[in-house]
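Residue numbers (our numbering), protein chains in the order written: chain A, 397 to 589; chain B, 397 to 589.
2 protein chains.
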Amino acid sequence: MPLRRPDILRAARELIDAEGLDEFTARKLATALKAPAGELQWYFGDRQAVLEAIAEDLMAGVGEPPPAGPWDQRLITLAHRLRRALLGLRDGARLFSSTFVTEPNTLLAGRTGMQILIEAGLPPDQAGWTVMAMTHFVVGHVIEEQSPRPELPADLSGEDELIRELAATVTADPARRFEFGLGLLLDGIRRLF
Amino acid sequence: MPLRRPDILRAARELIDAEGLDEFTARKLATALKAPAGELQWYFGDRQAVLEAIAEDLMAGVGEPPPAGPWDQRLITLAHRLRRALLGLRDGARLFSSTFVTEPNTLLAGRTGMQILIEAGLPPDQAGWTVMAMTHFVVGHVIEEQSPRPELPADLSGEDELIRELAATVTADPARRFEFGLGLLLDGIRRLF
DNA sequence: ACCTGAACACCGTTCAAGT
DNA sequence: ACCTGAACACCGTTCAAGT
Numbered sequence: 397m398p399l400r401r402p403d404i405l406r407a408a409r410e411l412i413d414a415e416g417l418d419e420f421t422a423r424k425l426a427t428a429l430k431a432p433a434g435e436l437q438w439y440f441g442d443r444q445a446v447l448e449a450i451a452e453d454l455m456a457g458v459g460e461p462p463p464a465g466p467w468d469q470r471l472i473t474l475a476h477r478l479r480r481a482l483l484g485l486r487d488g489a490r491l492f493s494s495t496f497v498t499e500p501n502t503l504l505a506g507r508t509g510m511q512i513l514i515e516a517g518l519p520p521d522q523a524g525w526t527v528m529a530m531t532h533f534v535v536g537h538v539i540e541e542q543s544p545r546p547e548l549p550a551d552l553s554g555e556d557e558l559i560r561e562l563a564a565t566v567t568a569d570p571a572r573r574f575e576f577g578l579g580l581l582l583d584g585i586r587r588l589f
Numbered sequence: 397m398p399l400r401r402p403d404i405l406r407a408a409r410e411l412i413d414a415e416g417l418d419e420f421t422a423r424k425l426a427t428a429l430k431a432p433a434g435e436l437q438w439y440f441g442d443r444q445a446v447l448e449a450i451a452e453d454l455m456a457g458v459g460e461p462p463p464a465g466p467w468d469q470r471l472i473t474l475a476h477r478l479r480r481a482l483l484g485l486r487d488g489a490r491l492f493s494s495t496f497v498t499e500p501n502t503l504l505a506g507r508t509g510m511q512i513l514i515e516a517g518l519p520p521d522q523a524g525w526t527v528m529a530m531t532h533f534v535v536g537h538v539i540e541e542q543s544p545r546p547e548l549p550a551d552l553s554g555e556d557e558l559i560r561e562l563a564a565t566v567t568a569d570p571a572r573r574f575e576f577g578l579g580l581l582l583d584g585i586r587r588l589f
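This is how it looks when you write it as structure tokens:
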């Protein structure tokens with residue numbers, strides 16, 4: 397019974413969720429699939445190919461046209477979907493950012509963002525650059541959000557005021573920080589019109 | 397003659413510049429330093445510790461207070477310095493984003509950003525969240541900017557219009573895309589006042 | 001033709017043995 | 001006390017040999 401692609405990807409995601417991206421190895425994946433060591437390369441190509449396939453899978457559904465409505469609301473929906481998609485897998489954002497996939501799901505996500513902005517009246521080049529900027533913000537945010545933080549020293553009373561505020565910022569609810577940052581970007585985008 | 401920390405870090409950066417982050421191994425570093433295999437762990441701790449030290453080094457100077465002037469210009473200066481710092485090493489942004497350093501250079505960069513915004517009149521929590529959002533954009537941008545892109549199919553005439561525009565966006569000058577995205581964010585930040 | 005597992009050339013890290 | 005190199009438990013990938 398040959399290994400089926402969905403089985404391989406599911407097993408890979410389980411491994412990454414369980415142990416993190418850095419612990420994910422092709423050999424562990426083969427073991428989990430009760431397959432010999434070299435089988436992955438035979439069916440799938442190298443380890444990087446597996447990661448790229450997972451990245452593309454993560455983007456499933458992100459680029460479906462959001463419900464009709466104001467362009468800014470539709471763009472916000474897209475940004476939230478992208479964040480959700482990346483959060484759907486441990487180290488998902490880091491994985492995504494270490495690939496450069498040009499497969500349907502990934503392309504559609506960018507395409508849909510551009511379409512929303514062009515329909516709203518933006519010239520295509522500005523639409524593209526805007527979608528890109530938003531994507532960079534979301535990816536950067538979720539990478540940080542998913543990265544394990546070293547336990548901060550409990551006693552910051554020796555530090556200056558600003559460093560304490562910085563520590564408070566980092567430990568604040570990431571969902572609210574995301575909303576805030578996305579709001580800034582959206583306010584800037586509105587000014588393009 | 398014991399290995400000196402600056403020598404270790406310089407050799408590590410040379411290796412990463414030459415072969416990329418994924419090819420960087422503690423053993424190659426030891427070989428480059430003409431040191432035995434286990435020496436790194438003895439002097440420095442594990443491979444991740446070397447990467448964190450490099451990340452902290454990359455941030456040197458970023459957080460120096462920018463020249464006096466309008467707050468938005470000072471913030472832009474900070475963003476440019478951060479981008480430059482990350483571009484200073486192959487895969488620098490990916491390296492930086494896979495660490496969570498709480499050392500002087502890195503903390504100072506965040507602190508200075510907050511200070512600029514607080515002096516401009518923003519409450520500390522908004523200042524922190526704003527700096528964070530800007531950092532996420534910059535890091536996300538440079539990760540993409542530094543990532544090797546697969547050669548796109550030369551002939552996109554079969555693709556639809558939007559996909560062609562998307563391809564044009566990705567291949568556009570990254571410095572100009574950066575300026576554009578940073579401008580969006582700044583326009584949003586100005587609306588906070 | 002398709003599959004596989006043994007083998008190759010590596011890893012990071014530890015720790016007994018040396019100085 | 002400080003250093004080191006041999007050894008351990010892994011890697012990703014290839015490719016001869018099998019079916």
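Where is the CB? At the ideal position from N, CA and C, for every residue including glycine.
Give the DSSP-derived three-state secondary structure of residue i in the structure shown.
{"i": "Met455(A)", "result": "coil"}
{"i": "Phe492(B)", "result": "helix"}
{"i": "Pro462(A)", "result": "coil"}
{"i": "Asp406(B)", "result": "Note on identity: in this sequence residue 406(B) is Arg, with Asp being the wrong assignment. In the structure shown, Arg406(B) sits in a helix (DSSP, three-state: H, G or I)."}
{"i": "Ala431(B)", "result": "coil"}
{"i": "Leu436(A)", "result": "helix"}
{"i": "Leu411(B)", "result": "helix"}
{"i": "Leu552(B)", "result": "coil"}
{"i": "Arg401(A)", "result": "helix"}
{"i": "Gly536(A)", "result": "helix"}
{"i": "Arg545(B)", "result": "coil"}
{"i": "Asp418(A)", "result": "helix"}
{"i": "Arg486(B)", "result": "coil"}
Is residue i close to chain A? Criterion is C-beta to C-beta, closer than 9 Å.
{"i": "Phe533(B)", "result": "yes"}
{"i": "Ala475(B)", "result": "no"}
{"i": "Gly453(B)", "result": "In the sequence as presented, Gly is not what sits at residue 453(B); that position holds Asp. Asp453(B) does not count as touching chain A."}
{"i": "Val566(B)", "result": "yes"}
{"i": "Leu447(B)", "result": "no"}
{"i": "Phe576(B)", "result": "yes"}
{"i": "Phe496(B)", "result": "yes"}
{"i": "Asp521(B)", "result": "yes"}
{"i": "Ala422(B)", "result": "no"}
{"i": "Ala529(B)", "result": "yes"}
{"i": "Leu561(B)", "result": "It should be noted that the sequence gives Glu, not Leu, for residue 561(B). Yes - at least one Cβ of chain A is within 9 Å of the one on Glu561(B)."}
{"i": "Ile362(B)", "result": "As displayed, chain B neither begins before 397 nor continues past 589, which places residue 362(B) out of reach and without an answer."}
{"i": "Leu581(B)", "result": "yes"}
{"i": "Arg400(B)", "result": "no"}
By the 10 Å Cβ neighbour count, where 16 or more other Cβ atoms means buried, how is residue i classified, buried or exposed?
{"i": "Leu562(A)", "result": "buried"}
{"i": "Arg423(B)", "result": "exposed"}
{"i": "Asp418(B)", "result": "exposed"}
{"i": "Asp442(A)", "result": "exposed"}
{"i": "Asp453(B)", "result": "buried"}
{"i": "Arg573(A)", "result": "buried"}
{"i": "Leu548(B)", "result": "exposed"}
{"i": "Ala414(A)", "result": "exposed"}
{"i": "Phe492(A)", "result": "buried"}
{"i": "Asp487(A)", "result": "buried"}
{"i": "Glu410(A)", "result": "exposed"}
{"i": "Phe589(B)", "result": "exposed"}
{"i": "Ala597(B)", "result": "Here chain B has residues from 397 to 589 only, and residue 597(B) is not among them."}
{"i": "Gln542(A)", "result": "buried"}
{"i": "Glu540(A)", "result": "buried"}
{"i": "Thr526(A)", "result": "buried"}
Taking the alpha helix (DSSP H) that residue i belongs to, which residues open and close that run?
{"i": "Thr473(B)", "result": "Trp467 to Leu483"}
{"i": "Leu581(A)", "result": "Pro570 to Arg586"}
{"i": "Lys424(A)", "result": "Ala422 to Ala428"}
Measuring only between beta-carbons, confirm whether residue i sits less than 9 Å from chain B.
{"i": "Gln469(A)", "result": "no"}
{"i": "Ser493(A)", "result": "yes"}
{"i": "Gln437(A)", "result": "no"}
{"i": "Ala481(A)", "result": "no"}
{"i": "Ile585(A)", "result": "yes"}
{"i": "Pro546(A)", "result": "yes"}
{"i": "Gly484(A)", "result": "no"}
{"i": "Arg416(A)", "result": "As written in the sequence, residue 416(A) is Gly, which differs from the Arg given in the question. Judged by the 9 Å Cβ criterion, Gly416(A) is not in contact with chain B."}
Alpha helix (DSSP H) segments (min. 4 residues) lying fully within the segment 491–532 of chain A: The DSSP assignment places complete alpha helix (DSSP H) segments of no fewer than 4 residues inside the segment 491–532 of chain A at 500–515, in order along the chain.
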